[in-house]
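Enquirer:
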DNA sequence: GCCAACGTTGGC
DNA sequence: GCCAACGTTGGC
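The structure is reproduced here in structure tokens:
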């Protein structure tokens, strides 16, 4: 996979945690409900099957990267926006133009230990991560292979 | 719980 | 097309 890319997905563990992903009965989950155009474009246009994902817990104690996941289905229509009863309903979405996209992801493995936001901020190799840029709220962010590998190394995972 | 930063909406 | 108001995110 010559052009494998790497991403960071944020999730509030009170809403959906890495354990929830690992415990999915089917082994994978729809990453639905993203309602931000920039994040949508990344999912719709740039993600490929096999891409690596750092799974980050926001609004958590501690805030940290807790596990590794991967893309198992490339961007497709997020039909949840069409359902008025769905939490992620968007009144502007139509069958002809659902507006939003999602990917499917699979939990790979937990890190040996969580890598906290504080540690990421202190690591000079990770100083350019979007995650620690002031005001950066994007829930899906690209990361470089070097950053991806560094976080895994910090988490004490030797699997790759 | 607070609030800064940011995206979106809507009046003009 | 500008921009103030508003809602949300997410660290603190």
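Residue numbers (this note's numbering): 1382 to 1541. Idealized CB from N, CA, C, for every residue including glycine.
Can you tell which of 1390, 1508, 1520, 1519 has the C-alpha that lies nearest to the C-alpha of residue 1527?
Expert: What you label residue 1527 is simply residue 146 of the first chain in a count that begins at 1. Of the candidates 1390, 1508, 1520, 1519, the one whose C-alpha sits nearest the C-alpha of residue 1527 is 1508.
Enquirer: Spell out the partners DSSP gives residue 1487 in its beta bridges.
Expert: If you number the first chain from 1, residue 1487 lands on position 106. Answer by DSSP bridge pairing, in chain order: 1451.
Enquirer: Just checking residue 1463 against the ligand SAM - is the residue's beta carbon closer than 8 Å to any of the ligand's heavy atoms?
Expert: Among the ligands in the structure shown, none appear at all, so the ligand SAM cannot be discussed.
Enquirer: In this structure, what does DSSP give as the bridge partners for residue 1434?
Expert: As a first step, residue 1434 must be located in the first chain, where it is residue number 53. Partner residues in the beta bridge of residue 1434, as assigned by DSSP, are 1388, 1450.
Enquirer: Note down the Cα distance separating residue 1406 from residue 1531, rounded to an integer number of angstroms.
Expert: On the first chain, position 25 is the one that residue 1406 refers to. On the first chain, position 150 is the one that residue 1531 refers to. Roughly 30 Å separates the two Cα atoms.
Enquirer: Going along the chain, which residues of its own chain have a beta-carbon closer than 7 Å to the beta-carbon of residue 1467, five neighbours each way excluded?
Expert: Within the first chain, residue 1467 is the residue found at index 86, counting from 1. Correct list, in chain order: 1461.
Enquirer: Could you pull out every residue in the same chain whose Cβ sits closer than 6 Å to the Cβ of residue 1402, ignoring the five residues on either side in sequence?
Expert: Translated into the one-based positions of the first chain, residue 1402 becomes position 21. Result list for residue 1402: 1410, 1488, in chain order.
Enquirer: Taking Cβ positions, are residue 1524 and residue 1535 nearer each other than 9 Å?
Expert: Position 143 of the first chain, counted from the start, is the residue given in the question as residue 1524. Position 154 of the first chain, counted from the start, is the residue given in the question as residue 1535. Contact: no.
Enquirer: Report the start-end ranges of each beta strand (DSSP E) in the segment 1393-1438 that is 3 residues or longer and not cut off at the edges.
Expert: Whole beta strand (DSSP E) segments, 3+ residues: 1433-1438.
Enquirer: Any idea what DSSP makes of residue 1541, helix, strand or coil?
Expert: Position 160 of the first chain, counted from the start, is the residue given in the question as residue 1541. Here residue 1541 scores only 49 on pLDDT, less than 50, and its place in the model should not be relied on; the value that follows carries that caveat. Three-state DSSP puts residue 1541 in coil, outside helix and strand.
Enquirer: Can residue 1438 and residue 1500 be called in contact, C-beta distance under 9 Å?
Expert: Here residue 1438 refers to the residue found at position 57 of the first chain. Here residue 1500 refers to the residue found at position 119 of the first chain. Contact flag unset, no.
Enquirer: In chain order, what residues of the same chain have a beta carbon less than 6 Å from the beta carbon of residue 1541, not counting five sequence neighbours either side?
Expert: In the first chain, the residue the question calls residue 1541 occupies position 160. Note that residue 1541 scores 49 on pLDDT, short of 50, meaning its location in the model is unreliable; the coordinates nonetheless yield the value given after this. Answer for residue 1541: no residue qualifies.
Enquirer: Using a 10 Å radius around the Cβ and a threshold of 16 neighbouring Cβ atoms, would you call residue 1430 buried or exposed?
Expert: What you label residue 1430 is simply residue 49 of the first chain in a count that begins at 1. Residue 1430 should be labelled exposed.
Enquirer: Got a sec, what are the start and stop residues for the alpha helix (DSSP H) residue 1501 sits in?
Expert: For the purposes of this step, residue 1501 is taken as the residue at position 120 of the first chain. Where residue 1501 is concerned, the enclosing alpha helix (DSSP H) stretches over 1498-1503.
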